[in-house]
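In the numbering used here, the protein residues as written are 53 to 425.
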């Protein structure tokens, strides 16, 4: 708990200073408000990852000074490798000149570094027919790199509204902390609490007013920690099902896979081309019907902040069963399948203008409450 409070306080203070500094340094702001995935009405700093990175670094230093040498080496390795991912994302935030391929390369290098220096790798999956292949030279390496890169990219993909990605990451880290505590894994528990505190310190300034954005640097950094801690928890504890981190990350991961399928197969467009038909974008445009036609800053901000809780609930629908059945691969496998069907059903309903009335009604009631307040 001390680690969580330390990282929270550091992230809270550093992010506040970044917000204040950004009003005088234009390079820190997100001036692109016209692309399909932009839903803010003013220039906002998109370097929220700075406060998170500093908080994690200080938290790790404190933890390393109070733990054994082996755990300290793993923490130091993860901290150093995460810095590679963060640097690539932050450079893109500041210059807008780092290509997706270059950022992906940085992620792969970071994951490879963690595997080489600390041995963090996927060694079992409980997927029929796949585990024997992991004994083949290079397969475990390839699957590990692909998984880490996938989670990192998926967190960045859902970073579209105030508090969306950061709270989803907080939910995932809370689940990782709980299971690590259950199995007595202090290394994973400490790292998860440090990262959780850092993201919550950022969240205070990001939601609901959107005073600062996570940015690529912050999204990549958090995605890397979630991916590596999930792999590490399964690797170090035989009782934890490898399906646990997969179900835990089901929302952002399936959002990414579905987006790739939708862009390439259905629409015949490049998978990396941005669009405004993600699930969170559809909820913003079609569930928040009370805001249609309203373009003033106050309504845009309210509409933005009211979108995220719907996706927090969706993320929780995968995290809750993951926490309940973290040691049962069969149940978790069925839960993954059920979540994917739920996502597809919800997406199709909204696309075809058959949004569940419960969602529409809750949106209208919330809007009335906000207006009255």
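Note that CB positions come from ideal geometry on N, CA and C, so glycine has one too. Please read these numbers as outputs of a predicted model, since none were measured by experiment.
Enclosing alpha helix (DSSP H) for residue i [first to last residue]
{"i": "residue 220", "result": "216-235"}
{"i": "residue 289", "result": "Residue 289 -> no alpha helix (DSSP H), and no H or E assigned at all."}
{"i": "residue 158", "result": "152-170"}
{"i": "residue 400", "result": "381-403"}
{"i": "residue 192", "result": "191-209"}
{"i": "residue 99", "result": "Where residue 99 is concerned, there is no enclosing alpha helix (DSSP H), given that its DSSP letter is neither H nor E."}
{"i": "residue 303", "result": "302-313"}
{"i": "residue 245", "result": "238-258"}
{"i": "residue 118", "result": "Note, residue 118: premise wrong, no alpha helix (DSSP H); not H, not E."}
{"i": "residue 66", "result": "54-74"}
{"i": "residue 333", "result": "331-334"}
7 Å CB neighbourhood of residue i in its chain, flanking five on each side removed
{"i": "residue 359", "result": "213, 332, 335, 336, 340"}
{"i": "residue 403", "result": "334"}
{"i": "residue 325", "result": "315"}
{"i": "residue 230", "result": "375"}
{"i": "residue 88", "result": "Caution is warranted here: a pLDDT of 47 is assigned to residue 88, below 50, making its placement in the model unreliable, and the coordinate value is therefore given only provisionally. The answer, listed in chain order, is 326, 327, 328."}
{"i": "residue 429", "result": "One cannot answer for residue 429 here, as it falls past the ends of the chain, which runs 53 to 425."}
{"i": "residue 48", "result": "Nothing about residue 48 can be read from this structure; the chain reaches only from 53 to 425."}
{"i": "residue 100", "result": "67, 254, 258, 264, 265, 266, 267, 270"}
{"i": "residue 218", "result": "251, 254, 255, 258, 266"}
Supposed contact pair residue j and residue i - C-beta distance, whole angstroms, cut 8 Å
{"i": "residue 45", "j": "residue 138", "result": "In the structure as shown, the chain begins at 53 and stops at 425. Residue 45 is therefore absent and cannot be evaluated."}
{"i": "residue 116", "j": "residue 124", "result": "4 Å"}
{"i": "residue 128", "j": "residue 163", "result": "Rounded, the Cβ-Cβ distance is 16 Å, inconsistent with contact."}
{"i": "residue 265", "j": "residue 98", "result": "4 Å"}
{"i": "residue 228", "j": "residue 282", "result": "7 Å"}
Beta carbon of residue i nearer than 8 Å to that of residue j
{"i": "residue 210", "j": "residue 304", "result": "yes"}
{"i": "residue 225", "j": "residue 247", "result": "yes"}
{"i": "residue 178", "j": "residue 293", "result": "yes"}
{"i": "residue 55", "j": "residue 132", "result": "no"}
{"i": "residue 392", "j": "residue 220", "result": "no"}
{"i": "residue 260", "j": "residue 357", "result": "yes"}
{"i": "residue 189", "j": "residue 280", "result": "no"}
{"i": "residue 206", "j": "residue 301", "result": "yes"}
{"i": "residue 382", "j": "residue 291", "result": "no"}
{"i": "residue 250", "j": "residue 59", "result": "yes"}
Burial state of residue i, where buried means 16 or more other Cβ atoms lie within 10 Å
{"i": "residue 396", "result": "exposed"}
{"i": "residue 145", "result": "buried"}
{"i": "residue 91", "result": "With a pLDDT of 48 at residue 91, under the threshold of 50, the modelled position of this residue cannot be trusted, and the question is left open."}
{"i": "residue 307", "result": "buried"}
{"i": "residue 154", "result": "exposed"}
{"i": "residue 319", "result": "exposed"}
{"i": "residue 238", "result": "exposed"}
{"i": "residue 354", "result": "buried"}
{"i": "residue 330", "result": "buried"}
Own chain partners of residue i with C-beta closer than 6 Å, once the 5 adjacent residues on each side are dropped
{"i": "residue 143", "result": "150"}
{"i": "residue 299", "result": "370, 374, 384, 387, 388"}
{"i": "residue 204", "result": "159, 272, 275, 276"}
{"i": "residue 263", "result": "71, 257"}
{"i": "residue 362", "result": "335"}
{"i": "residue 102", "result": "70"}
{"i": "residue 242", "result": "55, 115"}
Residues near residue i by beta carbon distance below 8 Å, same chain, minus five either side
{"i": "residue 106", "result": "62, 63, 66"}
{"i": "residue 187", "result": "none"}
{"i": "residue 193", "result": "164, 167, 173"}
{"i": "residue 322", "result": "315, 316"}
{"i": "residue 407", "result": "338, 339, 401"}
{"i": "residue 288", "result": "237, 239, 240"}
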